[in-house]
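Chains as they are written, first to last, in the working numbering: chain V, 1 to 455; chain L, 456 to 576. Idealized CB from N, CA, C, for every residue including glycine. Since we're looking at a predicted model, the values are computed, not measured. See below for the structure under consideration.
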Ligand SMILES: Cc1cc2nc3c(=O)[nH]c(=O)nc-3n(C[C@H](O)[C@H](O)[C@H](O)COP(=O)(O)OP(=O)(O)OC[C@H]3O[C@@H](n4cnc5c(N)ncnc54)[C@H](O)[C@@H]3O)c2cc1C
Ligand code: SF4
């Protein structure tokens, strides 16, 4: 890249799909002075190792592999000649609108900016985070590391494998190892349901007759130097192993696919507020964090199952960052928290802005804690339900969304009908109306999912 | 001879359990589906199930040892392990450009294409 400057209008931290989309969008929205800082020596993030297909169906209408999807955006950034600094890590975010980076090519440098976009993605939970008792032999890997070894380096980590965790990465690795002639004995899942997409369950496990043990976990690790086996046990409703159900499974490799954690040490140290449930920064609908000049998008905010949604979210973050620089993103007089109720685990954005100058549609993203059939999705403000829809089935593996149109008119329920004399209600109007009723209701936007069957 | 095959429909998250009655190549009945798309899925799964195949192929003289490849279209599911043996024996010379045809699978003739660029060392 050209000479590194001391200032850029927008700096993007992380060159995965989120960072690439944000940089391209900011450029296209008129802020051409953008820099991408990427820790690795290659752009594309986690997609480089996701060689399977299943990417881009929403955005490109094509079933692409991870590298193909990433390359699309790498090329877009190149066409715009957006400067990229690879092999450099962002070490800190400072209150004076600057960051400190360190890289082999550039040394340690302080760069200032008008707005910062965080897109550092997430990392995998490791054995330390799950605490399995037993020895510490070699042969234990996180599923993502194994994916990297096999797909990028061609290194096979073992012959006989047990996979703990049935999220998409675990399932995809079960198939990948089988194709490479490695025996996958089973996939164990602590929950009584799988966290992966049905497509992956069928095409990665059933196609190859790989057993899935639900409500099971690994309770002991065996082996001195190399793993020789694991003990698995059935668990009760509280996820405690049931004595007497132990089973010894010989294997030389254990893959852990036990969850992803947004990569937020940097964010935390900058004093940016973190949502304890998502592990990502708290954001409003503009993907703006509690530090007004800092925006965030992609897996660093919450774990996405589809990259297409990462791209869309990143475009919103970048558009807002541009508006912020132009001084047109209003500082909000009031922020209304969102919350999840019943089966909803979390809602992003965690706050939404209110005031006369707020306009447009609002999309709320959320996940359920457990599978729900015949689901009723409701969005309410206090006791006022103003959005309701139904879905035959919802699963924790899929991120869900509700779009609240600026013209809520069509979707309002009976209570709205009573107020219809007031004319067309927009999102901010809802809150104004709510404010008038303050004292009676909480000012909070609640997303709830219940099963019709539970009535 | 009549035969009943069971599948989980993956067309949407409902995951209906489908049951298909077949006689040779002919579908006699489909049950368990909640919609028409499930019927279509059952038909293709019962007669000729296909899957996208993704793997890697060794690169000679590249700055990376492997190139990720994918089938251009779905390939017959039952032959996937044979295709893997075939692909593991393939070598490709760097540089490789994205969407370059790496080889054709024996039998079905489906093209395997590169998923990304690999530069020469
Ligand atoms: C195994 C697996 C399978 C998946 N399968 C599918 C699928 O089939 N279909 C689908 O649509 N989606 C799938 N996804 C989801 C999708 O790939 C991710 O949601 C998406 O890649 C997240 O993009 P990101 O840019 O937020 O994060 P990442 O891709 O993780 O990118 C983050 C980047 O930031 C860099 N970085 C981090 N910290 C710093 C720092 N301090 N300084 C500089 N750089 C930094 C990292 O090096 C990395 O390159 C899958 C994900 C995984 C892990
Ligand atoms: S049959 Fe229809 S409703 Fe059922 S899973 Fe298939 S597509 Fe979905």
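Quick one: what's got a C-beta closer than 8 Å to residue i's C-beta in the same chain, skipping five residues either side?
i	result
residue 452 (chain V)	374, 375, 376 and 390
residue 152 (chain V)	48 and 49
residue 225 (chain V)	137 and 138
residue 147 (chain V)	49, 50, 169, 172, 173 and 176
residue 300 (chain V)	14, 18, 118, 119, 120, 121, 122, 262, 263, 264, 267, 280 and 281
residue 447 (chain V)	338, 339, 340, 341, 344, 347, 364, 366, 377, 378, 379 and 402
residue 87 (chain V)	38, 39, 40, 41, 103, 104 and 105
residue 247 (chain V)	231, 232 and 233
For residue i, report the span of its beta strand (DSSP E) as first-last.
i	result
residue 216 (chain V)	216-222
residue 296 (chain V)	294-296
residue 161 (chain V)	160-164
residue 322 (chain V)	Element bounds for residue 322 (chain V): not the beta strand (DSSP E) but the alpha helix (DSSP H), 307-325.
residue 401 (chain V)	400-404
residue 123 (chain V)	122-124
residue 548 (chain L)	546-548
residue 367 (chain V)	362-368
Is residue i close to ligand 4? I mean its beta-carbon at under 6 Å from any heavy atom of the ligand.
i	result
residue 233 (chain V)	Annotation note on ligand 4: not contained in the displayed structure, which lists ligand 1 and ligand 2 as its ligands.
Residues in its own chain within less than 6 Å of residue i by CB, not counting five upstream and five downstream?
i	result
residue 497 (chain L)	473, 475 and 485
residue 410 (chain V)	Residue confidence for residue 410 (chain V) is low, a pLDDT of 37 falling below 50, so the modelled location carries little weight and cannot support an answer.
residue 412 (chain V)	Model confidence at residue 412 (chain V) stands at a pLDDT of 35, short of 50, so the residue's coordinates are unreliable; what they give is reported in the following sentence. These residues qualify, in order along the chain: 386.
residue 568 (chain L)	527, 554 and 556
residue 183 (chain V)	160
residue 575 (chain L)	516, 549 and 550
residue 471 (chain L)	464, 487, 488, 489 and 493
residue 189 (chain V)	166 and 214
residue 536 (chain V)	Because chain V spans 1 through 455 in this model, residue 536 (chain V) falls outside it and cannot be assessed.
residue 108 (chain V)	102
Terminal residues of the continuous alpha helix (DSSP H) containing residue i?
i	result
residue 97 (chain V)	Where residue 97 (chain V) is concerned, there is no enclosing alpha helix (DSSP H), given that its DSSP letter is neither H nor E.
residue 491 (chain L)	491-502
residue 543 (chain L)	535-543
residue 33 (chain V)	No alpha helix (DSSP H) contains residue 33 (chain V), which DSSP labels as neither H nor E.
residue 563 (chain L)	Residue 563 (chain L) -> no alpha helix (DSSP H), and no H or E assigned at all.
residue 76 (chain V)	66-79
residue 49 (chain V)	Where residue 49 (chain V) is concerned, there is no enclosing alpha helix (DSSP H), given that its DSSP letter is neither H nor E.
residue 170 (chain V)	168-179
residue 148 (chain V)	143-148
residue 329 (chain V)	Run containing residue 329 (chain V): none; DSSP gives neither H nor E here.
Please report how far the alpha carbon of residue i lies from the alpha carbon of residue j, in whole angstroms.
i	j	result
residue 144 (chain V)	residue 261 (chain V)	13 Å
residue 37 (chain V)	residue 96 (chain V)	19 Å
residue 291 (chain V)	residue 382 (chain V)	28 Å
residue 565 (chain L)	residue 532 (chain L)	13 Å
residue 167 (chain V)	residue 487 (chain L)	26 Å
residue 198 (chain V)	residue 500 (chain L)	15 Å
residue 302 (chain V)	residue 494 (chain L)	36 Å
residue 68 (chain V)	residue 398 (chain V)	23 Å
residue 366 (chain V)	residue 339 (chain V)	10 Å
residue 469 (chain L)	residue 392 (chain V)	7 Å
residue 307 (chain V)	residue 538 (chain L)	29 Å
residue 522 (chain L)	residue 551 (chain L)	8 Å
residue 444 (chain V)	residue 535 (chain L)	53 Å
residue 52 (chain V)	residue 45 (chain V)	15 Å
residue 460 (chain L)	residue 62 (chain V)	30 Å
residue 234 (chain V)	residue 464 (chain L)	28 Å
residue 418 (chain V)	residue 59 (chain V)	Confidence in residue 418 (chain V) is poor, its pLDDT being 43 and thus under 50, which makes the residue's placement too unreliable to answer from.
residue 483 (chain L)	residue 456 (chain L)	11 Å
residue 421 (chain V)	residue 287 (chain V)	For residue 421 (chain V), the predicted model reports a pLDDT of 38, less than 50, meaning its position is unreliable and no value from the coordinates is stated.
residue 570 (chain L)	residue 335 (chain V)	45 Å
Relative to the C-alpha of residue i, which residue among the options is closest?
i	options	result
residue 170 (chain V)	V:194, V:66 and V:160	V:194
residue 317 (chain V)	V:271, V:23 and V:207	V:23
residue 449 (chain V)	V:105, V:270 and V:345	V:345
residue 133 (chain V)	V:246, V:281, V:288 and V:220	V:220
residue 312 (chain V)	V:25, V:34, V:11 and V:245	V:25
Which residues in the same chain as residue i place their Cβ atom closer than 7 Å to its Cβ, once the five residues preceding and following it in sequence are excluded?
i	result
residue 201 (chain V)	171 and 194
residue 319 (chain V)	25 and 29
**Item:** Members of the region 96-108 of chain V that neighbour chain L once the beta carbon cut-off is set at 9 Å
**Value:** none
**Request:** Scan the region 470-485 of chain L for residues whose Cβ lies nearer than 7 Å to a Cβ of chain V and list them as they occur along the chain.
**Result:** 470
**Message:** Along the region 122-155 of chain V, where does the CB come closer than 7 Å to a CB of chain L? Name the residues.
**Reply:** 151, 152, 153 and 154
**Message:** At a CB distance below 8 Å, what residues from the region 201-222 of chain V approach chain L? Give them in sequence order.
**Reply:** 201, 202, 203, 206 and 207
**Asked** What residues in the region 60-84 of chain V have a beta carbon less than 9 Å from any beta carbon of chain L?
**Response** 63, 64, 65, 66, 67, 68, 70 and 71
**Prompt:** Along the region 183-200 of chain V, what residues have a CB closer than 7 Å to any CB found in chain L?
**Reply:** 198 and 199
**Request:** Would you list, in chain order, the members of the region 167-179 of chain V that have their beta-carbon closer than 9 Å to a beta-carbon of chain L?
**Result:** 176, 178 and 179
**Prompt:** Any residues in the region 44-55 of chain V with a beta carbon nearer than 7 Å to a beta carbon of chain L? Which ones, in chain order?
**Reply:** 51, 52 and 53
**Prompt:** Any residues in the region 376-396 of chain V with a beta carbon nearer than 7 Å to a beta carbon of chain L? Which ones, in chain order?
**Reply:** 392, 393 and 395
**Request:** Mind checking the region 501-512 of chain L against chain V and listing, in chain order, the residues whose C-beta falls within less than 7 Å of any C-beta there?
**Result:** 506, 507, 509, 510 and 511
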